[in-house]
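Asker: Protein sequence lines, in the order shown, are assigned to chains S and P. Its first residue numbered 82, the first sequence is counted upward by one per residue in the working numbering. Its first residue numbered 322, the second sequence is counted upward by one per residue in the working numbering. The structure's right below; bear with me while I get my questions together.
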Amino acid sequence: MFHWKKLGKAFTPQEVQERTWLKEFAQAPATLVMDDVVRVYFSCRPPADAYGQYVSYSAFVDLDRQDLFKVRQVAEQPILALGGLGEFDEFGTYPVSVVRDGDIVRAYYAGWTRCESVPFNVAIGAAVSRDGGKTFTKMGNGPILSYSPDEPFVLSGPKIRRFNGQWQLFYIAGRKWKTVDGRAEPVYKIRMATSDDGVHWNKLNKDLVESRVEEDEAQASPDVFYANGKYHMFFCYRYSSHYRGKQNGYRIGYASSSNLVDWVRDDSKAGIDVSEQGWDSEMISYPHVFELDGKTYMAYLGDQVGRHGFGLAVLEGRLE
Amino acid sequence: MKWLKHGKIFDPSEHTLANGCVQFAQSPQALVFDDFVRIYFSTRAVDTNGKFLSHIAFVDMRKNLREVIRVSDQTVIPLGGLGCFDEHGIFPMNVVRHDDLVYGYTCGWNRRVSVSVDTAVGLAISRDNGLTFERIGPGPVLAASLHEPCLVGDGFVLVIDGVFHMWYIFGTVWKKYAPDAAADRTYKIGHATSPDGVNWTKKESRQIISDQLGPDESQALPTVVKIGSRYHMFFCYRESFDFRKAKGRGYRIGHAWSDDLSNWTRDDDTPKLDGTPGTWDSDMQCYPHVFECDGKVYLLYNGNEFGRHGFGLAELQP
């Protein structure tokens, strides 16, 4: 079993001033390590509209590399505009994952649209930054990864990686919409696609991680990290019903693989759980593991799926 | 070449249809058998919100294309499940024989909030000569992509020299032409190929048919037939807004030809299909489907009100 020592909440969106598009939430942290800061991308929301509906933007916060609890700056603007009328990302760009490709930074993000019979649908878009990850230009006004026979809806949660000269995109795909108390709730599973260029993708068309708590378990945030001879995946999972509280809410799971395709799940090794009290006492979710100056960190969300920000934990020992 | 018009040949109100459908027989698509022709069409039921749901049905006709043998009395393909691309309708479904199977390429409709709808192309397969179809999966085989952001639909498939060719439409923009108007869409015709009919490669955002009405022209329902050594495409086109009732802005039939399946020359005038004043197709001609039967080339199409009252037939004269 790993042991993650919690360091506390590192970023609180409510403390940021003068940004109308950033009132609350700092969801799905994803890092880009720079010379003197760690740039953490996250997704946030302005106040809900008159009908109680949200849009999501993505932005970043730069944390001091010497002291990750010191905020150096917050993005002045969202890194991506919402899509145009009828486009897949008209109502949200959340979450985002970034990777360096030579001099550019590529971002993969989930775009949200609103539907009539279910509340939303999601597909994965791509964008490019030529200024070190400060601003991004969309590669097109449609998605780079969309629906297919076995992945009919809700393609979300992209995590971009580059191992062995290839590109890997880990993401989630909707399996079913389950009606719970008259409300449609999405069930989704962890999937993967590979690419030679980051643009043209081949889906593996396979669930990477078996379901554990129930058949309709929803899985998200497949965060893959290579260390000590194998691939480690931290992810989060929840029940399909009544998951907005402690009982059925998100927890962090773990799986490992030697080849990126075949994964063995063992949540008992994850080594991080909800706290007795405090900001992450009801749920923990959206893990992201990164290495910095000889240490291994995990950024993650607490209660209400990151409404009040994200926190950090540091690994004691090794990932093996 | 010119069209010899035979008039309206099918009126849905004269038949009892499955799924509670009462009007519309849109986008007729033919599957030719030895001694009859099965013509699929999209008809409509009304759901609890008062909105339409398009369902696929068929009529079997003698090869004179006049005499009705029977009309489908059961569901040919059910609509998609909650949240799926084809939850709110299938319109149209193009059918093509492959080995002993019939492949049905569906255009699935799902309702949106800021715009009325989005679409994608699905594949369903029939093992009973087209009586019923089963999806290969709950999702589509051709959907929106990086440079085709919405409204991928209207697939028409031919297998040529072992390669599957699909002509389809892709949305280019949703636009409000007046501040308080509902958004209208514009779509153009594209081309994709596949080795197996399942995995498709699109030439993304390549509009293969030039505009006659300018950038606000919407092009729909491509259908292709080979006559001699030349491929002919028929489709329908209209203005992108105020096209439902305004004179001269609604659907009419376009035509283009190609000798290499890549470069198309538009020529709407030869052959030209004109509406006949005072009849069922006087104001609109849309949703064409060309097919060969016993050495003749036929055109099935809809007339006024987008096919609310049925479809008609024309025959190509050399």
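From the three backbone atoms N, C-alpha and C, an ideal C-beta is built for every residue, glycine too.
1. What are the uninterrupted segments assigned as beta strand (DSSP E) that are 3 or more residues long and contained completely in the region 102–168 of chain S, given in chain order?
2. Does the count of Cβ pairs from the region 137–146 of chain S and the region 118–126 of chain S closer than 8 Å reach three?
3. In whole angstroms, what separates the C-alpha of residue 477(P) from that of residue 247(S)?
4. Taking beta-carbon pairs under 7 Å, can you tell me which members of the region 387–415 of chain P lie near chain S?
5. Pick helix, strand or coil for residue 439(P), following the three-state DSSP scheme.
6. With a cut-off of 8 Å, does the C-beta of residue 194(S) fall near any C-beta of chain P?
7. Can a CB atom of chain S be found closer than 8 Å to the CB of residue 462(P)?
8. Which value, in whole angstroms, describes the spacing of the CA atoms of residue 88(S) and residue 392(S)?
9. For residue 633(P) and residue 601(P), which I take to be in contact (beta-carbon distance under 8 Å), what is that distance rounded to the nearest angstrom?
10. For residue 384(S), report the span of its alpha helix (DSSP H) as first-last.
11. Count the other CB atoms, across all protein chains shown, that sit within 10 Å of the CB of residue 262(S); report buried if there are 16 or more and exposed otherwise.
12. In the DSSP output, what is residue 205(S) paired with across the bridge?
13. Cα-Cα, which of 619(P), 438(P), 385(P), 333(P) is closest to residue 405(P)?
14. If the cut is a Cβ gap below 8 Å, which residues of chain S does residue 324(P) touch?
15. Cα-Cα, which of 229(S), 366(S), 216(S), 128(S) is closest to residue 284(S)?
16. Where does residue 323(P) land, buried or exposed, given buried means 16+ other C-beta within 10 angstroms?
17. Should the region 555–568 of chain P be called in touch with the region 500–518 of chain P, which here means at least 3 C-beta pairs below 8 Å?
18. Quick one: is residue 266(S) near chain P, going by C-beta distance under 8 Å?
19. Would residue 256(S) pass as a contact of residue 270(S) if the rule is Cβ separation under 8 Å?
20. Determine whether the beta carbon atoms of residue 458(P) and residue 184(S) lie at a separation below 8 Å.
21. Apart from the five residues just before and just after residue 578(P), which ones in its own chain have a Cβ nearer than 6 Å to its Cβ?
22. Can you list, in chain order, the stretches of the beta strand (DSSP E) that have 3 or more residues and sit fully within the region 347–417 of chain P?
23. Which bits of chain P does residue 227(S) rub up against, with CB to CB less than 8 Å?
24. Between residue 622(P) and residue 574(P), is the Cβ-Cβ spacing less than 8 Å?
25. Out of 638(P), 498(P), 631(P), 545(P), which has the shortest C-alpha to C-alpha gap to residue 336(P)?
26. Under three-state DSSP, which class holds residue 358(S)?
27. Evaluate the contact criterion for the region 350–357 of chain S versus the region 288–306 of chain S: three or more CB pairs, one atom per stretch, below 8 Å.
28. Could you name the residues of the same chain whose beta carbon sits closer than 7 Å to that of residue 462(P), not counting the 5 residues immediately before and after it, in chain order?
29. Can the beta-carbon of residue 194(S) be found less than 8 Å from the beta-carbon of residue 456(P)?
30. Keeping to the same chain, check which residues put their C-beta closer than 6 Å to that of residue 435(P); ignore five residues upstream and five downstream.
31. What are the boundary residues of the alpha helix (DSSP H) that residue 628(P) is part of?
32. Counting C-beta neighbours from all protein chains within 10 Å, is the total for residue 499(P) 16 or more, i.e. buried, or is it exposed?
33. Can a CB atom of chain S be found closer than 8 Å to the CB of residue 636(P)?
34. Check whether the region 309–317 of chain S touches the region 331–348 of chain S, taking contact to mean three or more Cβ pairs, one atom from each stretch, closer than 8 Å.
35. At a Cβ threshold of 8 Å, is residue 245(S) touching chain P?
36. Can you list the alpha helix (DSSP H) stretches of 4 or more residues lying completely in the region 462–550 of chain P, in chain order?
Answerer: Result, derived from the coordinates:
1. 105–114, 118–126, 138–145, 152–155
2. yes
3. 35 Å
4. Cβ contacts with chain S: 403, 404, 405, 406, 408.
5. strand
6. Cβ-Cβ to chain P under 8 Å: yes for residue 194(S).
7. yes
8. 7 Å
9. 7 Å
10. 384–387 is the extent of the alpha helix (DSSP H) around residue 384(S).
11. exposed
12. 191(S), 226(S)
13. 438(P)
14. Within chain S, no residue comes near residue 324(P); the closest Cβ sits about 36 Å away, beyond 8 Å.
15. 229(S)
16. Exposed, because fewer than 16 other Cβ atoms sit within 10 Å of the Cβ of residue 323(P).
17. Under the three-pair Cβ rule at 8 Å, the region 555–568 of chain P counts as touching the region 500–518 of chain P.
18. no
19. yes
20. no
21. Cβ neighbours of residue 578(P) beyond the five flanking positions: 551, 553, 586.
22. 358–367, 373–382, 389–392
23. 464, 465, 466
24. yes
25. 631(P)
26. coil
27. no
28. 442, 443, 444, 519, 521
29. no
30. none
31. 625–628
32. exposed
33. By this cut-off, residue 636(P) is not an interface position.
34. A contact exists between the region 309–317 of chain S and the region 331–348 of chain S.
35. no
36. With a minimum length of 4 residues, no continuous alpha helix (DSSP H) run stays inside the region 462–550 of chain P.
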